[in-house]
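J.: The opening position of the sequence shown corresponds to residue 284 in the numbering used here, with each subsequent residue numbered one higher. Built from N, CA and C at the ideal position, the CB exists for glycine as well. Since we're looking at a predicted model, the values are computed, not measured.
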Amino acid sequence: MNDLDQMNLQLAQNIAAALREMKAENERLRSERDHYRTKYFEAQAEIERLMAIIRALFGDWPEPAIEYMDGGDVQDFGVAHRILVPVEVDEPCGDWCACAEYGDFPTTCYRLAAEFRGSET
Ligand SMILES: [Zn+2]
284 MNDLDQMNLQ LAQNIAAALR EMKAENERLR SERDHYRTKY FEAQAEIERL MAIIRALFGD
344 WPEPAIEYMD GGDVQDFGVA HRILVPVEVD EPCGDWCACA EYGDFPTTCY RLAAEFRGSE
404 T
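1. Does the Cβ of Val372 lie closer than 7 Å to at least one heavy atom of ligand 1?
2. Could you tell me which residues DSSP puts in a beta bridge with Thr391?
3. Between which residues of its own chain and Cys392 is the CB-CB distance below 7 Å, once the five residues before and five after are set aside?
4. Taking the alpha carbon of Arg400 as the point to measure from, which residue in Ile298, Arg313, Ile366 has its own alpha carbon closest?
5. Measure the C-alpha to C-alpha separation of Asn291 and Glu308 and round it to an integer number of angstroms.
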C-alpha cells in the first residue's frame with residue numbers, strides 16, 4: 284500500500300467514526316424532540332380545554348352564559364369541561380359528600396376533579 288492509499292484509508296476511517304457519532308447524536312435529538320413534541324401537544328390540549336371554559340362562560344359577553352345557568356346547567360357544564368367527575372355510587376361516599384344528602388342510591392355522585400381539589404393536609 285502506498286502513502287496515498289494509506290492516507291485515503293485513514294480518511295475513510297475518520298469519516299466513518301464521525302458518521303457514527305453524528306447518527307448517535309441525531310438519535311438522541313430525535314428522542315428529545317419526541318419528548319418535547321408530546322409535552323407540547325399535552326399543553327396545547329390543556330390550553331384548548333381552558334379556552335373552551337372561558338368561551339362557554341364569557342363568549343357571549345355582555346350576556347354571560349352563567350347568568351342564565353341553574354344548578355343543573357352548572358353541573359352539566361362542570362361535567363362537559365371535566366371539572367366535575369360523575370361517579371356511580373351504591374352508598375354515600377361519606378358524611379362530607381353532597382351525595383349523602385341525596386339519600387336515593389344507587390346514584391351518580393359528582394366529584395370535583397382531583398386536579399382542582401386543594402391539598403388535604
Ligand atoms: Zn358522593
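T.: A quick look at the data gives this:
1. With a threshold of 7 Å, the Cβ atom of Val372 counts as near ligand 1, since some heavy atom of the ligand is closer than that.
2. Answer is Glu371, bridged to Thr391.
3. Once the five neighbours on either side are set aside, the close Cβ partners of Cys392 are Val370, Val372, Cys376, Cys380, Cys382.
4. If we check each option's Cα against that of Arg400, Ile366 comes out closest.
5. Answer to the nearest angstrom: the Cα atoms are 26 Å apart.
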